[in-house]
Amino acid sequence: MDICLEFGQRVKELRARSGMSQEQLAYRSGLDRTYISGVERGERNISLVNIQKITAALQVTMSYMFSGERFSLTPTYLAKDFKIPFKERFKYNLDPEKKVLAFSVSGLFSGKQDVDYLTSVILGICSAYGPNELDILVDHREMKASDGEAVVYSPDIAEQATIFQQELTKYSNRVVALCNSEFMVQQLNHVAKTSGIFDKATHLYDKDKDMIGRAFSLLDIHSNALIKPAK
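Every number in our numbering is 818 more than the matching position in the sequence shown, counting from 1.
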């Protein structure tokens, strides 16, 4: 395949899985929408400087941009992705003995109202504890669109997640997140660095190995009532 066309498809698939339009990607990268369109069609011999701008807008590293992980080009964050209410897709559990707060989200965040609801629940529980007293276990393995493929936060959700994490870092000792893809690891690393929680956070993805076991080991636990290994 032509290198320009291959790179263009890579940009399009990552944009699609994060719910971004070409206009949004253009704005976030500081490039023109027609330029982004030309890149995605393989019509631009893109410079390294502009590759860096696009990777930064997608919240991934340059090396990940050329990795082997691939997704479909199907757009996400569409109405069909939100048939089940968020409150039915968000679950949480507090282990007061181990001081581990676990929560999971399946499907997508539809917008600020979903993040606000999760924030109110999680920070409401955290408020009963002191600084750095809780370990947090997050399960995003089932964060998928209606086509069954992995998605990451949309740009707006990522910004709201940063604000949430800035509050969460007051209470958290360690944060371990189970991710649905290396793409999500990249994005959560970016969010954690922006929020100031990066030194406390570990984001795991390995479809062929025991993510759950590694997470439990990091948190010094042997099981969790909410988060269990995939069958």
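Here a beta-carbon is modelled for each residue, glycine too, at the ideal position from N, C-alpha and C.
Buried or exposed, going by whether 16 or more other CB atoms sit within 10 Å of the CB of residue i?
i	result
Ile864	buried
Asp1024	exposed
Ala920	buried
Ala844	buried
His958	buried
Ser922	buried
Val956	buried
Ser1041	exposed
Val953	A small correction: the amino acid at residue 953 is Asp; Val does not occupy that position in the sequence shown. When all chains shown are included, Asp953 counts as buried.
Ile872	buried
Ile1030	buried
Val867	exposed
Judging by CA-CA distance, which residue of the options is the nearest neighbour of residue i?
i	options	result
Ala1019	His1008, Gln978 and Arg859	His1008
Leu837	Ala1043, Leu926 and Cys997	Note that residue 837 corresponds to Gly in the displayed sequence, not to Leu. Out of Ala1043, Leu926 and Cys997, Leu926 has the C-alpha closest to the C-alpha of Gly837.
Lys930	Val918, Arg907, Asp957 and Asp974	Asp974
Ile821	Ala1010, Gln1004, Val857 and Ala875	Val857
Val933	Asp850, Ala1010, Ser839 and Phe908	Phe908
Ala897	Ala963, Ser945, Val956 and Lys917	Ala963
Leu1044	Thr894, Ser924 and Lys1027	Ser924
Glu824	Arg851, Arg888 and Gln842	Arg888
Ala874	Thr894, Ile981 and Arg833	Arg833
Met961	Thr894, Leu941 and Ser1041	Thr894
Val918	Ser890, Asn950 and Thr937	Asn950
Thr937	Ser847, Glu985 and Ser972	Glu985
Tyr947	Lys916, Val878, Phe900 and Ala979	Lys916
Arg835	Ile869, Val878, Ile943 and Leu866	Val878
Tyr971	Leu876, Tyr853 and Arg851	Leu876
Phe904	Ser928, Thr892, Ser890 and Gly886	Ser928
Thr980	Val994, Val1003, Lys1011 and Thr852	Lys1011
According to DSSP, what are the bridge partners of residue i?
i	result
Asp957	Ser922 and Leu996
Ala1019	Val993
Lys962	Ala968
Is the stretch 824-831 in contact with the stretch 959-978, if contact means three or more CB pairs nearer than 8 Å? Not touching, per the Cβ criterion.
Are there three or more Cβ pairs, one per stretch, closer than 8 Å when the stretch 876-889 is compared with the stretch 905-920? Not touching, per the Cβ criterion.
Please specify which runs of the beta strand (DSSP E), each continuous and at least 3 residues long, are wholly inside the stretch 889-955, giving them in chain order. If only complete runs of 3 or more residues are kept, the stretch 889-955 shows the beta strand (DSSP E) at 908-913 and 918-923, in order along the chain.
Taking 8 Å as the cut-off, does the stretch 854-863 touch the stretch 997-1012 (at least 3 CB pairs, one atom from each stretch)? They do not touch, by the three-pair rule.
Do the stretch 1017-1037 and the stretch 975-993 make contact, defined as three or more Cβ pairs closer than 8 Å? Yes, they touch.
Which runs of the alpha helix (DSSP H) at least 4 residues long sit entirely within the stretch 857-890? Give them in chain order. Qualifying alpha helix (DSSP H) stretches, in chain order: 866-875 and 880-883.
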